[in-house]
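Novice:
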Amino acid sequence: MPTSEQQERKSKQRKIRNSEYYDMESTFDRLYAESKNGKTFNHLMEIIESEENIKLAYRTIKKNTGSNTAGVDKRTIKSLMKLSEEEYVRQIRNQFSNYHPRPVRRVEIPKPNGKMRPLGI
Numbered sequence: 044m045p046t047s048e049q050q051e052r053k054s055k056q057r058k059i060r061n062s063e064y065y066d067m068e069s070t071f072d073r074l075y076a077e078s079k080n081g082k083t084f085n086h087l088m089e090i091i092e093s094e095e096n097i098k099l100a101y102r103t104i105k106k107n108t109g110s111n112t113a114g115v116d117k118r119t120i121k122s123l124m125k126l127s128e129e130e131y132v133r134q135i136r137n138q139f140s141n142y143h144p145r146p147v148r149r150v151e152i153p154k155p156n157g158k159m160r161p162l163g164i
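Right under this line is the structure:
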């Protein structure tokens with residue numbers, strides 16, 4: 044029986060393979076490297092709405108057991124499984140067109156050393 048560490052490593056390898064398959068790895072690597080250098084990002088919807096990213100997300104989510112639980116719209120991943128790739132990508136992009144993010148609510152919580160830590164909700 045594999046240990047939890049082995050399972051986690053296998054899961055990470057699968058995620059990397061999936062992102063390579065959909066040609067998103069270079070995008071994710073670039074974003075990660077830039078974030079490590081202190082860059083902040085705006086206008087990420089172009090990446091989020093890309094066909095490759097939607098397909099990668101779908102592939103990742105459909106393997107998750109939680110995807111069989113209906114969301115607030117009463118739908119599960121099975122409703123997307125009935126559609127062609129082209130159709131589910133179009134449907135998800137359409138949902139993004141109506142998306143307007145809310146501002147982050149910032150609060151500060153005390154740390155054990157007496158300092159405060161920012162928390163965004």
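Every position in the sequence shown, counted from 1, becomes a number in this note's numbering once 43 is added.
Quick reminder that beta carbons are idealized off the backbone N, C-alpha and C, glycines included.
#1: Can the beta-carbon of Tyr-75 be found less than 9 Å from the beta-carbon of Lys-98?
#2: Give a yes or no on contact between the segment 86-97 and the segment 122-136, applying the rule of three or more CB pairs nearer than 8 Å.
#3: Whole angstroms are fine: how far does the CA of Val-150 sit from the CA of Ile-164?
#4: Exposed or buried, Tyr-142, counting other C-beta atoms within 10 Å across all chains shown (16 or more means buried)?
#5: Would you mind listing the beta strand (DSSP E) stretches within the segment 78-120 that are 3+ residues and don't spill past its ends, in chain order?
#6: From Thr-70 to Arg-102, what does the alpha carbon distance come to, in whole angstroms?
#7: Identify, in the order they occur along the chain, each residue of the same chain with its Cβ nearer than 6 Å to the Cβ of Val-147, setting aside the five sequence neighbours on each side.
#8: The beta strand (DSSP E) with Arg-160 in it runs from where to where?
#9: Which class does Arg-73 belong to by DSSP, given the choice of helix, strand or coil?
#10: Measure the alpha-carbon distance for Thr-119 versus Pro-144 and round it to whole angstroms.
#11: Are the beta-carbon atoms of Lys-93 and Met-67 separated by less than 9 Å?
Specialist: Here's the rundown:
#1: If you number the sequence shown from 1, residue 75 lands on position 32. If you number the sequence shown from 1, residue 98 lands on position 55. 9 Å or more divides the Cβ of Tyr-75 from the Cβ of Lys-98.
#2: yes
#3: Counted from its first residue, the sequence shown places residue 164 at position 121. Counted from its first residue, the sequence shown places residue 150 at position 107. The straight-line gap from Cα to Cα measures roughly 8 Å.
#4: Start at 1 with the first residue of the sequence shown, and residue 142 comes out as number 99. Tyr-142 is exposed by the Cβ-count criterion.
#5: none
#6: Residue 70 sits at position 27 when you count from the first residue of the sequence shown. Residue 102 sits at position 59 when you count from the first residue of the sequence shown. Cα to Cα, Thr-70 sits roughly 18 Å from Arg-102.
#7: Within the sequence shown, residue 147 is the residue found at index 104, counting from 1. Result list for Val-147: Gly-163, in chain order.
#8: To locate residue 160, count along the sequence shown from 1; it is residue 117. It spans 159-163 - the beta strand (DSSP E) in which Arg-160 sits, taken as one unbroken run.
#9: Counting from 1 along the sequence shown, the entry for residue 73 is found at position 30. Arg-73 falls in the helix class under three-state DSSP.
#10: Looking up residue 119 in the sequence shown gives position 76. Looking up residue 144 in the sequence shown gives position 101. Cα to Cα, the separation comes out at about 23 Å.
#11: For the purposes of this step, residue 93 is identified with residue 50 of the sequence shown, where counting begins at 1. For the purposes of this step, residue 67 is identified with residue 24 of the sequence shown, where counting begins at 1. The amino acid at residue 93 is misidentified as Lys; the sequence shows Ser. Yes. Within cutoff.
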